[in-house]
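To convert, count from 1 in the sequence shown and add 1; that's our numbering. Idealized CB from N, CA, C, for every residue including glycine. The structure under discussion appears below in the form of C-alpha cells.
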Amino acid sequence: ATCHFFLKCGVCFLLARKFTDKHEWISVENGIGTVGISDFAQEALGDVVYCSLPEVGTKLSKHDEFGALESVKAASELYSPLSGEVTEINAALADNPGLVNKSCYQDGKMSLLSFNNEYCVDSCYYKWLCNSCSSV
Numbered sequence: 002a003t004c005h006f007f008l009k010c011g012v013c014f015l016l017a018r019k020f021t022d023k024h025e026w027i028s029v030e031n032g033i034g035t036v037g038i039s040d041f042a043q044e045a046l047g048d049v050v051y052c053s054l055p056e057v058g059t060k061l062s063k064h065d066e067f068g069a070l071e072s073v074k075a076a077s078e079l080y081s082p083l084s085g086e087v088t089e090i091n092a093a094l095a096d097n098p099g100l101v102n103k104s105c106y107q108d109g110k111m112s113l114l115s116f117n118n119e120y121c122v123d124s125c126y127y128k129w130l131c132n133s134c135s136s137v
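Below, the structure is given as C-alpha cells:
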C-alpha cells in the first residue's frame, strides 16, 4: 500500500528505511545496514549531549542494546534492529552528539552493520506506531 502521508509531507526518502518499535531505523546498501534513530525519537529526546556506541567488531543479536543517548531531558538505550556485526561507527558523534538532532538520517547515523536478513516494519506502519505512542 502507498503511504500518502510521506508523499504529501515531502519525506519520501523514509520509504527506503525500515523502522523498529523502539524508534531505530536501518537502511541497506550493498549488504551493509546503516543504523540510526528516527526523527520522532530525536525530537522526543531533545538536545542530545552524549552518545555511546559499540566498538567495531561487536556482534549483536536483534534487540541487543548497542549504545545509549543522553539528552537534556532523558537517557535512552539504543537497540540493534537486526542481528549482525558492527563494521563502522560514526565517530563524529563522540565530539558532536547534537548531529543526531540536526540530521538523524544522515550525519547523525549511529553505525554500520553487516547483518542477517531479518524484518523491520515499513515507514507506513512506523508512522502509525508513532501516532499511537506518546514517548520514546
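{"Item": "Out of L94, S115, C105 and K63, point me to the one whose CA is closest to G37's CA.", "Value": "C105"}
{"Item": "Should L70 and P98 be called a contact, given that it needs their Cβ atoms to be closer than 9 Å?", "Value": "yes"}
{"Item": "Please list, in chain order, all residues of the same chain as Y51 whose beta carbon is under 6 Å from its beta carbon, the five residues on each side excluded.", "Value": "E71 and P98"}
{"Item": "Would DSSP call E89 helix, strand or coil?", "Value": "strand"}
{"Item": "By Cβ distance below 8 Å, which residues in the same chain neighbour S28 in space, the five residues on each side in sequence not counted?", "Value": "A17, R18, K19, G34 and T35"}
{"Item": "What residues in its chain sit with their C-beta under 8 Å from that of A93, if we drop five residues either side in the sequence?", "Value": "L100 and D108"}
{"Item": "With V29 as the anchor, note down where its beta strand (DSSP E) starts and where it stops.", "Value": "E25 to E30"}
{"Item": "Going by C-alpha distance, which of A75, S39, E66 and D48 is nearest L1?", "Value": "Residue 1 lies beyond the stretch modelled for the chain, which goes from 2 to 137, so this question has no answer here."}
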